[in-house]
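Please read the structure below before turning to the comments.
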Amino acid sequence: MNDFSKKIIIIGVTHHNTLTMVRCLGKAGYGIQLYIYGDKNTYIQYSKYVTVFTNKNTCEEVFDDLFIKKNKWGYKPIVISCSDEVSHLFDLNYDELKDSYFFFNCGEKGRLTYYMDKQKQVQLASKLGIIAPKSKVKKNGVDTIKFDNFPCICKPLSSINGKKSQICVCFDQKSLDKVLNSFGQQSCVQVQEFIKREFEMVVIGLRVNGETIIPGFIKKLRDRLGGTTYAKIYPIDKFPTSIVISIKKFVEEINYEGLFGIELIYAKGKYYFVEANLRNDATTFAFSVAGVNLPLAYVLAKSGKNFHVETSKMLHEINSMVELADITHVMKFKISLFRWLKERNRCESLYFYDKDDMKPYKVAKKQFVMGYINRALNKLHFK
C-alpha cells in the first residue's frame, strides 16, 4: 500500500477550517476520509478530494466509530483535528489510541486537555515572558467574582464546550455580575482585563518529531465573532524574535505535537497573549497558499518522509479572505460593496471559492443566501 492510498482522517464541523484542511491535503494527492458531526447537509462533503464521507450527530459518535476501528485499518492512520472537542476526546484516550493512530497530543493522557484551560495558558505564557492581561476565574459552584480591572472580557475557560458567541465585554462590577450569572453556577469563566487592541494576529506553527516550525503570522484586518475574515500573511522574520522564542518554548514546555495557532493582540507598543489553539487553526490554509503547507509537513513527518522539503519553502506575503463570512460587513453597511470587491480581488487566498473544487463553494453560497433570506423573513414575521 503506497502513501497516497492511505486515507487521511479529517474530523470537524461544518466550517471553512475543515473545508480548507480537506483541500490542503487533497491537493497534495491524499485521499480524505471525512467525518463531520452536527450537520446532515454539510457543503464540505461535496469536495472532490473527499473519498469517504461519514456523518454523525455528535463528536462522541465519531470518536466511538474510530475507537471500534482502531485495529482494523492495516496501517496507522493520521488523524487531523479541526475542533477542540476532537482533540479533547483523543487526549482523554491517549493510552488506548497512541499505537493505533497518529493524532495531536502532549505525550500523556489528559495533558492536552489541561492546557486547553485558558487560565493555564495565560500563566504559562507569562512565565515564559509573554505579557498577558490580568485575569481571574469564576469556578464551578460560584455565581460571580470580584474584579478590579474594567472594562473586562468574559469567555468560557475552555473552548471544548464554550462558544465564541458567549464572549462579552463588561464595564463595571454590576454588569459583570449579571453576565457571570447568565453563564450559570456550573460554568467556569475567565474574566480578563480588556485591552483595546490596535490590531490582532495569529502566529501559526507546527511541532512534530521534536521540531517546532513557525513560518509566519497572520494579521487580522477584519473579523466576525472573533474569527478572522480578512487578513494579511507575513513571514515570521517580521515578528519580534523574543516572542517567537517564547512561543516555541510554550509548545515545547507542554510537549505538544501537532498544528497550532497562538493568538496575540498589539496595543501601545506591546504584544499581549490571548490564547493558544492546540489544533488546526483556520488560518493555516492561507499559509499553504503563501508557500508553506504545514498540514502536509505533518503528514510527511508521520509517514516517515522528509518534511523539511515543505517547511524550508519561502513564505510570501499575501492577502486572505473568508469571503462568505466577510461579506456580512457589507450587509451590515460597515464597508461598501465597491471596497469589498476591490479587496476580494486582491486576495490570493479565498477560503470558499476554488476554481478546481467549485461544488462546496456553490452549495455553501446557496446555504448562506437561503439562511439570510429565512432570517430576514422571520424578523418581518415577528414585527
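full-length UniProt numbering numbers the first residue of the sequence shown as 1 and each following residue consecutively. For every residue, glycine included, the Cβ atom is placed at its ideal position computed from N, Cα and C. Small disclaimer: the values here were computed from a predicted structure and weren't measured.
Only residues of its own chain outside the window of five on either side were considered, and among them Gln185 have a CB closer than 7 Å to the CB of Gly141, listed in chain order. A straight line joining the alpha-carbon of Asp95 with that of Lys305 spans about 25 Å. Annotation: the continuous beta strand (DSSP E) that includes Tyr266 extends over 258–267.
When secondary structure is reduced to three states using DSSP, Lys164 falls in the helix class. When the alpha-carbon of Ile327 is set against those of Lys365, Ser303, Trp73, the nearest one is in Lys365. Scanning its chain for C-beta atoms nearer than 6 Å, with the 5 sequence neighbours on each side dropped, one finds around Gly261 the residues Val202, Ile204, Asn277, Asp281, in chain order. Non-local beta-carbon contacts of Ser126 in its own chain, meaning distances under 6 Å to residues more than five positions away in sequence, involve Ala132 in chain order. With respect to Ile80, Ile9 sits close: the two C-beta atoms are nearer than 8 Å.
Gln45 counts as buried, since at least 16 other C-beta atoms from the protein chains shown sit within 10 angstroms of its C-beta. In this structure the region 288–304 lies against the region 25–33, because at least three pairs of beta carbons, one per stretch, are closer than 8 Å.
With respect to the 8 Å criterion, Phe150 and Phe183 are not classified as neighbours on the basis of their beta carbons. It is roughly 11 Å from the alpha-carbon of Gly227 to the alpha-carbon of Met321.
An exposed status is given to Val309, since fewer than 16 other beta-carbon atoms sit within 10 Å of its beta-carbon. Residue environment: Glu317 is assigned as exposed (fewer than 16 neighbouring CB atoms within 10 Å of its CB, all protein chains considered). Per DSSP, Ala276 is one residue of the beta strand (DSSP E) stretching across 270–277. In this structure, the alpha-carbon of Ser349 lies about 43 Å from that of Gln173.
In the displayed model, Gln190 falls within a strand according to three-state DSSP.
Taking the C-beta atoms as reference points, Lys136 is found nearer than 8 Å to Val191. Within its own chain, the residues whose Cβ lies closer than 7 Å to the Cβ of Ala267, once the five positions on either side in sequence are excluded, are Ile195, Lys196, Arg197, Glu198, listed in chain order.
In this structure, Arg279 lies away from Ser47, with their beta-carbon atoms at least 8 Å apart.
Within the region 278–362, complete beta strand (DSSP E) segments of at least 3 residues are found at 318–321, given in chain order. Counting of Cβ neighbours within 10 angstroms places Met116 among the buried residues, the total reaching 16 or more. Each residue's CA atom was taken as its position, placing Asp39 and Ala286 some 25 Å apart. Per DSSP, the unbroken alpha helix (DSSP H) holding Ile68 starts and ends at 59–68. Burial check for Leu34: the Cβ neighbour count within 10 Å reaches 16 or more, so the residue is buried.
Residue burial is scored here from C-beta neighbours: Gln121 has at least 16 other C-beta atoms within 10 angstroms and is therefore classed as buried. Shortest Cα-Cα distance from Pro235 to any of Gly371, Phe217, Cys82 involves Phe217.
Taken in chain order, the complete beta strand (DSSP E) segments of 3 or more residues contained in the region 73–145 are 79–81, 135–138. By alpha-carbon distance to Tyr256, the top candidate from Gly31, Phe104, Val50, Ser83 is Phe104.
In this structure, the CA atom of Gly269 is about 27 Å from the CA atom of Lys334. Between the alpha carbons of Ile160 and Glu85 lies a distance of about 5 Å. Residue pairing of Pro156 in beta bridges, as defined by DSSP: Val189. Counting the other Cβ atoms within 10 Å of the Cβ of Glu108 gives fewer than 16, which makes it exposed.
In its chain, beyond the 5 residues on either side, Ile9, Tyr101 have a beta carbon closer than 6 Å to the beta carbon of Pro77.
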